[in-house]
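Trainee: In the numbering used here, the protein residues as written are 5 to 597.
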């Protein structure tokens, strides 16, 4: 996730201070680099690696000529977070400048073709192909508008783009596909941004472009055209949010916003498929795999173990990073050690990675480009969740799982599983429409002192993660157990009114898990079940039930069934008057052992 803004100001008012102010309000969308481009006699660019205040103190970003321009904050996905990879990007002649939020899936093919035509690239980003394509078409006689239209006919992926050209002054062209973009109408000019917090101070009247529409902004007007070049009369909406509310896009907390972004996070991470296949091809024969992780990432790793052992037949271990040194002597050159980390800076994981690098091949699955794990591991899979502000991991978790599922399916050459993974975003979007039943449950169980979560096979790590979410943000004691372990101790704790969450997707483990449900129900437990919409027996046996599409089988259930458990934790926390974004005693990234 990145943030983009642009503006054209009236009366020759200097744009750079306004651009800097606007982009500063989007730093939650990205914070590893910042850049601004304005246009006067030519294109003026200032950009560098670092947070906005840091870069501004070095470059004085507000001191740039020109009454219009574009700006960008970056969350690196392609290429390290450095000055060269920072936006805006230009063609080699610096006649076109572009800012971009999203992922261009076919950029390598485009880049190769452009290089054959003589274009010279500077960065490692996917974005840089865009200004080169625009320049290519403008050299053929297209104006900026038509050059952008031709360009979006070639690129594939998700994007919000804003472009300027020194050869066509006083104009910004913008467009979007699957990435957010709004256009603002203010007294002093016209604005565009990824999100409303950026421009609320300057414009409250907003236009929302749809996928494939082109926005043409000059000093006098905003024109929106459809994909067939027809002018569209767009409805203007007035925003009355406070800046803080708008930052969360109308959500009360970042956590619920990020839960609702999970379908997009999965779709974006699926674009890593080709990279993962290249890693597998380069690895060659692997006799053993070892996952190393902490917390939520540890639960994702357990799912990885089940997938790799059942589908690929590769012996797989899962080790807590803080305990890894006690197993280091078992590694050899035929072992692949996979490090799962949201931040890529987890202290325990970094120490374990240094040990693993001495003997084995290493792979990092990380959400932060340029982080320490990405620099130290032999191979890297970049999850595409974007910045996650809430401390409790939600969309980064499903993104990790998506990367793990792709890795397992590709290494096992399981085409059926690959097909199922690509259906997951739709399943998530559908179940998010049924959130009212979770809200009702949260009111009923907000005074509980203990929760138990049970599941078998692929549902066991779901139980562990569901319990962790509850503990993290509600401060209610929650424990996840393998359902078959109940009689080996935990059943002694089940009593009248104890909530037990039973995870029951359709599959070979369903019958035995139903027997475990009967065990806890006979001892007076309240049964909160997560299961298939077609499971009639479960409907009869549950006190509370959340149902999911029956096509979600137990193998892909970890990617989908976790969402209602995240929602349950969130709404219980809200009912208790707690801030789910900032749980006590916890930080987003653990940088000490």
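All C-beta atoms in this analysis are idealised placements derived from N, C-alpha and C, irrespective of residue type, glycine included.
1. Sort 219, 528, 201, 328 by Cα distance to residue 234 and report the nearest one.
2. Return helix, strand or coil for residue 346, following the three-state DSSP convention.
3. DSSP on residue 584, reduced to helix/strand/coil?
4. Based on Cα-Cα distance, which residue from 118, 142, 173 lies nearest to residue 45?
5. Could you give the first and the last residue of the continuous beta strand (DSSP E) run that contains residue 306?
6. For residue 91 and residue 78, what's the separation of their Cα atoms in angstroms?
7. Would residue 368 be called buried (16 or more neighbouring beta carbons within 10 Å of its own) or exposed?
8. For residue 426, does the count of other Cβ atoms within 10 angstroms reach 16, so buried, or fall short, so exposed?
9. For residue 389, which residues in the same chain have their Cβ closer than 6 Å to its Cβ, ignoring the five residues on either side in sequence?
10. Can you tell me where the alpha helix (DSSP H) with residue 431 in it begins and where it stops?
11. Just the C-alpha distance for residue 596 and residue 242, rounded to the nearest angstrom, thanks.
12. Taking only three categories from DSSP, how would you classify residue 372?
13. Kindly identify the DSSP beta-bridge partner or partners of residue 75.
14. Whose C-beta lies closer than 6 Å to the C-beta of residue 538 among residues of the same chain, with five residues either side of it excluded?
15. Figure out for me which residue from 377, 334, 365, 339 has the closest Cα to the Cα of residue 353.
16. Excluding sequence positions up to five away, which residues of its chain have a Cβ less than 6 Å from the Cβ of residue 290?
17. Kindly indicate which three-state DSSP category residue 596 falls into: helix, strand or coil?
18. Quick check: the Cα distance between residue 580 and residue 262, rounded to an integer number of angstroms?
19. Looking at the structure shown, is residue 232 part of a helix, part of a strand, or coil, going by DSSP?
20. Based on the DSSP secondary-structure assignment, which residues constitute the bridge partners of residue 333?
21. Take residue 59 and list the residues in its own chain whose beta-carbon comes closer than 6 Å to its own, dropping the five residues that flank it on each side.
22. Are residue 452 and residue 507 close, meaning C-beta to C-beta below 8 Å?
23. Roughly how many angstroms lie between the CA atoms of residue 187 and residue 31, to the nearest whole one?
24. Which residue marks the beginning of the beta strand (DSSP E) containing residue 506, and which one marks its end?
25. Which word fits residue 149, buried or exposed, when buried means at least 16 other C-beta atoms lie within 10 angstroms of its C-beta?
26. Taking only three categories from DSSP, how would you classify residue 590?
27. Can you list, in chain order, the residues of its chain whose CB lies under 6 Å from that of residue 189, leaving out five sequence neighbours each side?
28. I'd like the list of long-range same chain contacts for residue 223, defined as Cβ closer than 7 Å, with 5 residues on each side in sequence excluded.
29. On the criterion of 16 or more Cβ atoms from any shown chain inside 10 Å, does residue 301 qualify as buried, or is it exposed?
30. Suppose you measure from the CA of residue 361 to the CA of residue 435; what does that come to, to the nearest Å?
31. When you compare the CB positions of residue 565 and residue 509, do they come within less than 8 Å of one another, or not?
32. Could you give the distance in angstroms between the alpha-carbon of residue 374 and the alpha-carbon of residue 546?
33. Based on Cα-Cα distance, which residue from 298, 299, 294 lies nearest to residue 309?
34. Residue 122 to residue 443, Cα distance in whole Å?
35. Can you check which of these residues, 338, 343, 315, is closest to residue 328 by C-alpha distance?
36. In angstroms, rounded to a whole number, what distance separates the CA positions of residue 71 and residue 590?
Mentor: On the basis of the data shown:
1. 219
2. coil
3. coil
4. 173
5. Unbroken run through residue 306 is the alpha helix (DSSP H), 299–311; no beta strand (DSSP E).
6. 7 Å
7. buried
8. exposed
9. 269, 371, 399, 400, 403
10. 428–435
11. The pLDDT assigned to residue 596 is 46, lower than 50, so where the model puts this residue is not dependable, and the model offers no usable value.
12. coil
13. 9, 40
14. 554
15. 377
16. 340
17. Bear in mind that the predicted position of residue 596 carries a pLDDT of just 46, short of 50, making it unreliable; the figure below should be weighed with that in mind. Reduced to three states, the DSSP call for residue 596 is coil.
18. 20 Å
19. coil
20. None; residue 333 has no bridge partner.
21. 38, 52
22. no
23. 19 Å
24. 503–508
25. buried
26. coil
27. 207, 209
28. 12, 14, 174
29. buried
30. 42 Å
31. yes
32. 47 Å
33. 294
34. 58 Å
35. 343
36. 45 Å
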